[in-house]
Amino acid sequence: MIDLMSKRKFFFIFSAVLILIGLAFFLINGGFNWDIQFEGGTIIKIEMKDDNYDAAAAEAAIENLLGKGVTVQKETTFNPDDQDNKLALMSIKVSKENTLDNDEINQVIDYLETSPDFFVNTETQPQIQSVAPFIGVELRNKALMAAGWAMLLIVIYVGIRFRVMSGISAALFGIVALIHDALIMLSVYTVFNIPVNEVFVAAILTIIGYSMNDTIVIYDRIRENSSVMSKSDIEKMVNTSTWQSLPRTINTLLTTLLTIVTLYIFASIYNVDSIKQFAFPLIIGLTSGSYSSIFIATPLWMMWRKYSIKKKLLEAKS
Amino acid sequence: MAKPRRIDYSSVQKKEPKLKPGAKLWIKFTIAVILVAFFSVMILVGSPGLGVSKVSDIKTGIDIRGGVSATLYPDVDDVDSVTDEQLQTIQEILENRIEAKGTFDYNMSPDYENKRLLLEIPYASGDDTNPQKVIDDLGEMALLTFQRWDEEKYAFDSSGRIVFLVEEADLKDDNIVLDGTDVADSVAMLNKQDNSYMVALTLTETGAEKFAKATAELVRKPIAIYLDDELKSYPVVSSVISGGEASITGNFTIEEAVELANYIKYGALPFAMTAQEINSITPILGESALNVTLRAALVAFILVVLFMIIRYRLPGLIASIALVGLVASEIFWISAFNASITLPGIAGIILTIGMGVDANVIIYERIKEELGRGIELGEAIDIGFKRAFSAIFDANVTTLISGGALYIVGSGPIKGFALTLIIGVIMSFFTAIIVVKYLLKAIASIKIFGKTWLYGTKGVAR
Numbered sequence: 065m066i067d068l069m070s071k072r073k074f075f076f077i078f079s080a081v082l083i084l085i086g087l088a089f090f091l092i093n094g095g096f097n098w099d100i101q102f103e104g105g106t107i108i109k110i111e112m113k114d115d116n117y118d119a120a121a122a123e124a125a126i127e128n129l130l131g132k133g134v135t136v137q138k139e140t141t142f143n144p145d146d147q148d149n150k151l152a153l154m155s156i157k158v159s160k161e162n163t164l165d166n167d168e169i170n171q172v173i174d175y176l177e178t179s180p181d182f183f184v185n186t187e188t189q190p191q192i193q194s195v196a197p198f199i200g201v202e203l204r205n206k207a208l209m210a211a212g213w214a215m216l217l218i219v220i221y222v223g224i225r226f227r228v229m230s231g232i233s234a235a236l237f238g239i240v241a242l243i244h245d246a247l248i249m250l251s252v253y254t255v256f257n258i259p260v261n262e263v264f265v266a267a268i269l270t271i272i273g274y275s276m277n278d279t280i281v282i283y284d285r286i287r288e289n290s291s292v293m294s295k296s297d298i299e300k301m302v303n304t305s306t307w308q309s310l311p312r313t314i315n316t317l318l319t320t321l322l323t324i325v326t327l328y329i330f331a332s333i334y335n336v337d338s339i340k341q342f343a344f345p346l347i348i349g350l351t352s353g354s355y356s357s358i359f360i361a362t363p364l365w366m367m368w369r370k371y372s373i374k375k376k377l378l379e380a381k382s
Numbered sequence: 068m069a070k071p072r073r074i075d076y077s078s079v080q081k082k083e084p085k086l087k088p089g090a091k092l093w094i095k096f097t098i099a100v101i102l103v104a105f106f107s108v109m110i111l112v113g114s115p116g117l118g119v120s121k122v123s124d125i126k127t128g129i130d131i132r133g134g135v136s137a138t139l140y141p142d143v144d145d146v147d148s149v150t151d152e153q154l155q156t157i158q159e160i161l162e163n164r165i166e167a168k169g170t171f172d173y174n175m176s177p178d179y180e181n182k183r184l185l186l187e188i189p190y191a192s193g194d195d196t197n198p199q200k201v202i203d204d205l206g207e208m209a210l211l212t213f214q215r216w217d218e219e220k221y222a223f224d225s226s227g228r229i230v231f232l233v234e235e236a237d238l239k240d241d242n243i244v245l246d247g248t249d250v251a252d253s254v255a256m257l258n259k260q261d262n263s264y265m266v267a268l269t270l271t272e273t274g275a276e277k278f279a280k281a282t283a284e285l286v287r288k289p290i291a292i293y294l295d296d297e298l299k300s301y302p303v304v305s306s307v308i309s310g311g312e313a314s315i316t317g318n319f320t321i322e323e324a325v326e327l328a329n330y331i332k333y334g335a336l337p338f339a340m341t342a343q344e345i346n347s348i349t350p351i352l353g354e355s356a357l358n359v360t361l362r363a364a365l366v367a368f369i370l371v372v373l374f375m376i377i378r379y380r381l382p383g384l385i386a387s388i389a390l391v392g393l394v395a396s397e398i399f400w401i402s403a404f405n406a407s408i409t410l411p412g413i414a415g416i417i418l419t420i421g422m423g424v425d426a427n428v429i430i431y432e433r434i435k436e437e438l439g440r441g442i443e444l445g446e447a448i449d450i451g452f453k454r455a456f457s458a459i460f461d462a463n464v465t466t467l468i469s470g471g472a473l474y475i476v477g478s479g480p481i482k483g484f485a486l487t488l489i490i491g492v493i494m495s496f497f498t499a500i501i502v503v504k505y506l507l508k509a510i511a512s513i514k515i516f517g518k519t520w521l522y523g524t525k526g527v528a529r
């Protein structure tokens, strides 16, 4: 049985390096890449008959129509009816300062549909996402609040249920692991410059539940073993408990990853962006969640426990 | 240590008509089988009595069907001053307006916490109405006012037509003689004189009185009709109108006249509502995403079943049967709660396929451990379930807490995800401690299924 606890420094450094890389990219990029859902702005995607259209001309025409700056790009997407032919889309993006209202959105669509220069496929509905900037900020704050509340409630619950392990401290180190997972996920998002949106928050909240779940199973083993094993060698007890929980941690991680990776692969093959956006952060978070339970929360709790026992002994002596 | 207690227990039980412990096992086994079968059959055939529709009939969210969702916010400076009653009234008025536009398949729900209305209009195939256009002008106040102008601001030209002496916007000085609440009914009509359309108004009793008084003062003068700040028409009063009938003329097309009549009829909003968040999803993309996600779900399910059987053998097979029940019960509850299936919702189901076997993994690892210590199978199963209980329970509560937080703050599709996650956690808990336990204990009691290799261990004490 390898003594995982004695190698803890290596794991702490490994996580710290990952998070530091994320921080470096955060500083280079000048913050997170917020999705328009969390920042405001408008995206309109219109299906075109083919991709032989002049994006620059469309951009100029729409700017002229609205008196607002827009960006027009060509895009393609998976065609469910004909797998060999992709659908051509015109993507019109408007920054948060110029967020379009419903009237303006309709103006753009009406213009493109009637213009002789652009051939819009009028049989389908355009895809539109438009969020006023103040709403975006509100959504973002609410999402962060939700994550905060969830963590607080979990601390209270774990604190009550794990009194034997001096609950609150156990819960707090569990939360350290959660914050670690959230930071790892944010780092990956910053490094790859993926927009942060509601789906990402949903993924973070899922991971908060999952990671704590993982930590609790190990804690549960420590709770059980602390009544049967000698308390003198706490490091050995924690190490044994971790090893006893390891098959479960790995197997559950594997079954969960099996499902989410399958989803991700399918979404990648068929280019379903919304699902890819959902599966990717979950894959990162699940892995990080299992890792942090074993290599962050448990050793941290053990260090704290050793320290407090030592302190008590010193106090008793003097 | 658990054994003596069990003997005590059964000795108490023996006063009752005798049931062999074996028979009890099989009764429980049957209950477990019925539970799995019930949920599976339910989602395959549906039951109108229970308010559950079969899986193919469950309504899908607009992220799959396609459509428009918009969040309407009150257009006021102090959002906190908006009351729940106001929001309710506005919702009723807006629903009337939507239906007046010929759209009946929509969903509007108030969010009292955040003082806003959420509107979803699915795209209907073969229907020409563009949901996007339904949102247009939907939240306008539609405050109808009849106003008089300052006589120094206009004059009549030689042919008797009115000419403005100031800018049109400066004409209005909110000298209101009548407003929308004085109107009992409004309808679009053909004006036979010039073949244009007009809106005919029937006034209430007090409205008729006010109007008679106002027209008496305004004979041969214009009366201006405003909808919000927009000047709709300014007919010249020819004589006192006392019958409570009035009309708005202004060379309207039939569509314009119908729309104006509807706005007046269905009331004015206390303040305007504006769509600050608009999402429109094309049905074609949603449909293909659904197919891809369902295929992924099937493959994921098969992979997890294979993993469980290879890793845990006989108990793995039992967990897989329970997993069928878990997925079926999840779809059952979504349907029973009348929730829509959304793409994140299906992702949530896929996630619970993976996470749902966790309780089994915890229990089975425990059973293997006990078997490894040389403990007899039946007892190892008992200990496994007992020892694993606290871990499973505590772990599920934390997932519920984060799922609950997500449900409260999430918007439409994300709420769907949170809901499936919550249902999945609760149901996986019950399938593990009821279905799996009863099935496993009964089957393990059969001699040929009692071999320890079927449980993935050699049964040798370490």
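Chains as they are written, first to last, in the numbering used here: chain A, 65 to 382; chain B, 68 to 529. Note that CB positions come from ideal geometry on N, CA and C, so glycine has one too.
Own chain partners of residue i with C-beta closer than 7 Å, once the 5 adjacent residues on each side are dropped
| i | result |
| --- | --- |
| GLN199 of chain B | VAL135 and SER347 |
| ARG8 of chain A | Only positions 65 to 382 of chain A appear in the structure, and residue 8 of chain A is not among them; the question remains open. |
| VAL146 of chain B | LYS182 |
| PHE496 of chain B | ALA426, ILE459 and ASN463 |
Range of the contiguous alpha helix (DSSP H) that encloses residue i
| i | result |
| --- | --- |
| MET249 of chain A | 231-255 |
| LYS508 of chain B | 504-511 |
| GLY105 of chain A | Element bounds for GLY105 of chain A: not the alpha helix (DSSP H) but the beta strand (DSSP E), 105-112. |
| SER123 of chain B | From DSSP, SER123 of chain B is part of no alpha helix (DSSP H); its letter is neither H nor E. |
| ASN166 of chain A | 166-178 |
Contacts around residue i, its chain only, beta-carbon distance under 8 Å, and the 5 residues preceding and following it disregarded
| i | result |
| --- | --- |
| ILE308 of chain B | PHE278, ALA279 and THR282 |
| MET112 of chain A | ALA152, LEU153, MET154, PHE182, PHE183, VAL184 and ASN185 |
| ILE110 of chain B | VAL119, LYS121, VAL122, ALA395, ILE398, PHE399 and SER402 |
Residue burial classification, residue i (beta-carbon count within 10 angstroms, cutoff 16)
| i | result |
| --- | --- |
| MET65 of chain A | exposed |
| ASP375 of chain B | In the sequence under discussion, the amino acid at residue 375 of chain B is Met, which differs from the Asp named in the question. Buried, since its Cβ has 16 or more Cβ neighbours within 10 Å. |
| ASP9 of chain B | Beyond the ends of chain B as shown, which are 68 and 529, falls residue 9 of chain B; an answer cannot be given. |
| LEU377 of chain A | exposed |
| LEU164 of chain A | buried |
| PRO363 of chain A | buried |
| GLY477 of chain B | buried |
| ASP167 of chain A | exposed |
| LYS109 of chain A | buried |
| GLU344 of chain B | buried |
| THR273 of chain B | exposed |
| ASN262 of chain B | exposed |
Sequence-distant residues of its chain with Cβ nearer than 6 Å to residue i (five each side left out)
| i | result |
| --- | --- |
| LEU186 of chain B | ALA137 and MET175 |
| ALA267 of chain B | VAL254, MET256 and SER314 |
| SER305 of chain A | ARG285, ILE286 and ASN289 |
| PHE264 of chain A | PRO345 |
| ILE408 of chain B | ILE125 and THR127 |
| ALA275 of chain B | GLY311 |
Continuous beta strand (DSSP E) stretch holding residue i: start and end
| i | result |
| --- | --- |
| ASN258 of chain B | 250-258 |
| VAL318 of chain B | The residue you asked about is not Val; residue 318 of chain B is Asn in the sequence shown. Counting along the chain, the beta strand (DSSP E) containing ASN318 of chain B begins and ends at 312-319. |
| SER352 of chain A | Here SER352 of chain A belongs to no beta strand (DSSP E); instead the alpha helix (DSSP H) covers 337-356. |
Within chain E, partners of residue i - CB distance below 7 Å
| i | result |
| --- | --- |
| TRP213 of chain A | Here the protein chains are A and B, and chain E is not one of them. |
Contact test: residue i Cβ vs the ligand MN heavy atom, cutoff 7 Å
| i | result |
| --- | --- |
| ILE92 of chain A | No copy of the ligand MN appears in this structure; indeed no ligand is present at all. |
Taking any Cβ of chain A, which residues in the stretch 116-138 of chain B have a Cβ under 9 Å from it, in chain order?
ASP130, GLY133, GLY134, VAL135, ALA137 and THR138
Output, in sequence order along the chain, the residues in the stretch 360-390 of chain B whose CB is closer than 7 Å to any CB in chain A.
THR360, ARG362, ALA363, VAL366, ALA367, LEU370, VAL371, PHE374 and ARG378
Three or more C-beta pairs below 8 Å linking the stretch 115-122 of chain B and the stretch 415-424 of chain B:
no
For the stretch 387-407 of chain B against the stretch 498-516 of chain B, are there 3 or more C-beta pairs whose distance is under 8 Å?
yes
Using Cβ-Cβ distances below 9 Å, what residues of the stretch 327-351 of chain B are close to chain A?
Within the stretch 327-351 of chain B, the qualifying residues are THR341, ALA342, GLN343, GLU344, ILE345, ASN346, SER347, ILE348, THR349, PRO350 and ILE351.
At a CB distance below 7 Å, what residues from the stretch 414-427 of chain B approach chain A? Give them in sequence order.
ALA414, ILE417, LEU418, ILE420, GLY421, MET422, VAL424 and ASP425
The stretch 219-235 of chain A: positions lying closer than 9 Å to chain B by Cβ
TYR221, VAL222, ARG225 and PHE226
Check whether the stretch 236-256 of chain B touches the stretch 327-337 of chain B, counting contact only when three or more Cβ pairs, one atom from each stretch, lie closer than 8 Å.
yes
Cβ-based contacts, 8 Å cut-off: residues of the stretch 164-195 of chain A near chain B
ASP165, ASN166, ASP167, ILE169, ASN170, ILE173, THR188, GLN189, PRO190, GLN191, ILE192, GLN193, SER194 and VAL195
Positions along the stretch 456-469 of chain B whose CB lies within less than 8 Å of some CB in chain A:
SER457, ALA458, ASP461, ALA462, ASN463, VAL464, THR465, THR466, LEU467, ILE468 and SER469
Three or more beta-carbon pairs under 8 Å between the stretch 198-212 of chain A and the stretch 323-341 of chain A, yes or no?
No: fewer than three Cβ pairs fall under 8 Å.
Does the stretch 160-176 of chain A come close enough to the stretch 101-116 of chain A that 3 or more CB-CB pairs lie under 8 Å?
yes
Which residues, in chain order, does the stretch 288-301 of chain B contribute to contact with chain A at a C-beta distance below 9 Å?
Within the stretch 288-301 of chain B, no residue qualifies.
Interfacial residues, the stretch 388-411 of chain B to chain A, with Cβ spacing under 9 Å:
LEU410 and PRO411
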